[in-house]
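Asker: Throughout the sequence shown, residue numbering follows this note's numbering, covering -10 to 470 in sequence.
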Amino acid sequence: MDHALDLLAFNLKLLGKQSKKNILISAGKQSDKERMLPVVKRLMELNVAVYATPGTSKFLTEHGVVNSTIHKIVDHLEPNILSFLKLGQLDLVVNVLTGDYDYDEKSDANLIRSLSIENGIPLLTDADVAIQTLEKICTDHARDRYGYHAGSESWNLRIEFLEMVRRKGGFSNHHAHFDKAYLISLENLKLGQVDMQKKWELYAHLKENYTHADLVERISRGVQKMVDQGVTYCRTMVDADSTVGLLPMRAALEVKRKFAGQIQFEVGVQPLKGVLDPASREAFIGACELGDFIGGLPSRDRPTPEKHLDIIMGVAKDLNKPLDAHVDQENNPHEIETEQLALKTIEHGLQGRVFGVHAISMAAKPAAEQDRIADLLKDAGVGVICCPSAALSMKQLPMAAPLHNSIAPVVKLMERGVDVYLGVDNVHDLFMPLVDGDMWFECRVLMEACRHYDLESVAEIACRRLPWHREAEVAAVPARA
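1. Are the beta-carbon atoms of A353 and H417 separated by less than 8 angstroms?
2. For Q359, count neighbouring Cβ atoms within 10 angstroms of its own Cβ and tell me buried if that reaches 16, exposed if not.
3. Do three or more CB pairs link the stretch 93 to 109 to the stretch 62 to 69 at distances below 8 angstroms?
4. Please say whether I362 and Y410 have beta carbons closer to each other than 8 angstroms?
5. Do the stretch 109 to 122 and the stretch 143 to 156 meet, that is, are 3 or more Cβ pairs less than 8 angstroms apart?
6. Under 7 angstroms Cβ to Cβ from T58, same chain only, skipping five residues before and after it: list those, please.
7. Just grab the DSSP bridge partners of T58 for me.
8. Less than 8 angstroms between the CB atoms is what I'm expecting for D313 and G284, so what's the real figure, rounded?
9. Kindly identify the DSSP beta-bridge partner or partners of E255.
10. Between F430 and the rest of its own chain, which residues show a CB-CB distance below 8 angstroms, the 5 nearest in sequence each way excluded?
11. Which whole-angstrom value is the C-beta distance of N162 and M215, which I expect to be below 8 angstroms?
12. Can you check whether the CB of A276 is closer than 8 angstroms to the CB of S231?
13. Going by the beta-carbon positions, is the gap between R405 and K367 smaller than 8 angstroms?
14. Between I126 and N321, how many whole angstroms is the CB-CB distance? I'm expecting something under 8 angstroms.
15. Are the beta-carbon atoms belonging to D225 and A272 less than 8 angstroms from one another?
16. Whole-angstrom Cβ separation of H315 and L286, contact assumed at under 8 angstroms?
17. Quick check on this structure: which residue in I349, S15 and L298 has the alpha carbon closest to the alpha carbon of L330?
18. Tell me the DSSP secondary structure of A389 in three-state form.
19. Could you tell me which of Q251, K262 and E206 sits nearest to R239, measuring between CA atoms?
20. Just to confirm the assignment, what range does the beta strand (DSSP E) spanning V434 have?
21. Kindly provide the ranges of any alpha helix (DSSP H) runs that are 4 or more residues long and lie completely inside the stretch 272 to 321, ordered along the chain.
22. Do you know how far the Cα of I349 is from the Cα of L175?
23. Per the DSSP calculation, A346 is bridged to which residue(s)?
24. Can the beta-carbon of A229 be found closer than 8 angstroms to that of L235?
25. Mind checking H52: buried by the 16 CB within 10 Å criterion, or exposed?
26. Does the beta-carbon of D129 have 16 or more other beta-carbons within 10 angstroms, so that it is buried, or is it exposed?
27. State the CB to CB distance for the pair V227 and V256, rounded to an integer number of angstroms; the pair is presumed to be in contact (CB under 8 angstroms).
28. Identify the continuous alpha helix (DSSP H) that holds F150 and give its terminal residues.
29. Could you name the residues of the same chain whose beta carbon sits closer than 7 angstroms to that of N56, not counting the 5 residues immediately before and after it, in chain order?
30. Going along the chain, which residues of its own chain have a beta-carbon closer than 8 angstroms to the beta-carbon of L32, five neighbours each way excluded?
31. Go through the stretch 191 to 244 residue by residue and report every complete run of the alpha helix (DSSP H) that reaches 4 residues or more, in order.
32. Within 10 angstroms of its Cβ, does A380 collect 16 or more other Cβ (buried), or is it exposed?
33. Which term fits P237, buried or exposed, when burial requires 16 or more other beta carbons within 10 angstroms of its beta carbon?
34. Near E326, what residues of its chain come up, given a Cβ to Cβ distance below 6 angstroms and the 5 sequence neighbours on each side ignored?
35. Could you pull the start and end residues of the beta strand (DSSP E) that F160 belongs to?
36. Have a look at M(-10) and E107 and give me their C-alpha separation to the nearest angstrom.
Written as structure tokens, this is what we have:
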């Protein structure tokens, strides 16, 4: 656990009533002892036992603080800090250095630090930080912040999370396919089990029945679902190919006008039939001219996905529009589309304008490979759009890979400085028959699948706008006089 989690664990330990929690205090030089005295006295109101090194123990006793003497490691006397740490008998350590070099104080401090980290014991080594931390511990427990209260809903993290989202300006849904939404039924539900390539073929037949009115109704239903749950920014892809032409794009643009003022709604193009076929490429480019961003699906043009990327990036440059490309969707350790996308982004000079949707197969690779690809994404300025339910639904493959959940390595990406965004992907269709577009549910799935229960950082992902939106918001803030 990291330091913040160690402190949280200590706060939860303090709720226990059956045993005292042991705190070690070595308060440093005389002035530090005097500054820390008031908060140490406050600590005594909690269920704690204070152990102090000889100099600190004498000072505390003189000022009426009950404590037990514990010897420094170098003294080789019992009770000793070393034996207490090794046996896990300390719950919090305050070890402020005195600057006394008559004995090897630094060696003592280094050993205390390493053993504290090894045993998950929170360690405070700066007098000011120690005072602030201990004051907060005392205040939080005086307010019973960590206790359970019958009739309260402190456990209801959904309420807390949605309030965070509200403060951040509302959800942002960066990926959907509303032109396909609401086409599932009990009769065709089992087709949801076939592989993705087969679904692409089946959809060609469904699309032959599209009408403008039907598309407007279903896309509107999807957008209304977003508005109803506090989404303030949403983007969808719609198909454009030799089967449907510009029909989905024109319907989506009508919906965009319909919801103007309620939500910022942007439309991009999904080349579901690829872009190497001349007729489909013509329809794709025509729709891109009308839309807000360019879509990509390099796996549709295998075995030459790099040609697909060259074409769609050429369109993105010609039209000066951002690009979202579906990459590494199969949870397959041999897929390399995320890396290809980053390299092509640099080759075409589109840094900061390209986003990879899914990037699931990154998680199927060894940790060192994940690090390398994440660093490449960062260098290319490529963000990753994660659609949690869709990610977990990927078909299991008979391939060897490190144990992982079928989802992009979100925590790794954040740690390496890659911007992560949230999307819902398909809604009630052959691809995702049960997904209903609930943004909170997608956030919860992300947290569970990635074991990342940091509500604040997940709310940041769920509300993150595109870089140029953020720049515009900053520019719109009036300068202070």
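From the three backbone atoms N, C-alpha and C, an ideal C-beta is built for every residue, glycine too.
Answerer: Reading from the atomic positions:
1. no
2. With 16 or more other Cβ atoms within 10 Å, it is buried.
3. yes
4. no
5. no
6. Contacts found: A41, P43 and S46.
7. A41
8. For D313 against G284, the beta-carbon gap comes to about 6 angstroms, under 8 angstroms, which counts as contact.
9. For E255, DSSP records a beta bridge to R224.
10. Same-chain partners within the cutoff: S378.
11. 6 angstroms
12. Against a cut-off of 8 angstroms, the Cβ pair of A276 and S231 comes out as no contact.
13. yes
14. Wrong, their Cβ atoms sit about 48 angstroms apart, outside the cutoff.
15. According to the sequence provided, residue 225 is Thr. The question's Asp does not apply to it. Against a cut-off of 8 angstroms, the Cβ pair of A272 and T225 comes out as no contact.
16. 5 angstroms
17. L298
18. Correct three-state label for A389: coil.
19. Of the listed residues, the one whose Cα sits closest to R239 is E206.
20. Where V434 is concerned, there is no enclosing beta strand (DSSP E), although the alpha helix (DSSP H) it sits in stretches over M428 to C439.
21. 294 to 308
22. One C-alpha to the other measures close to 29 angstroms.
23. Correcting the residue type first, residue 346 is Val in the shown sequence and not Ala. According to DSSP, V346 bridges with H315 and I374.
24. yes
25. exposed
26. exposed
27. 6 angstroms
28. L146 to R156
29. V39, Y40, A41, S46, L49 and T50
30. So the list reads I12, V39, L123, I126 and C127, once near-sequence residues are dropped.
31. 201 to 217
32. Buried is the call here.
33. buried
34. P287, V316 and D317
35. Going by DSSP, F160 is part of the beta strand (DSSP E) stretching over F160 to N162.
36. Note on M(-10): pLDDT 44, under 50, position unreliable in the model; no value is reported.
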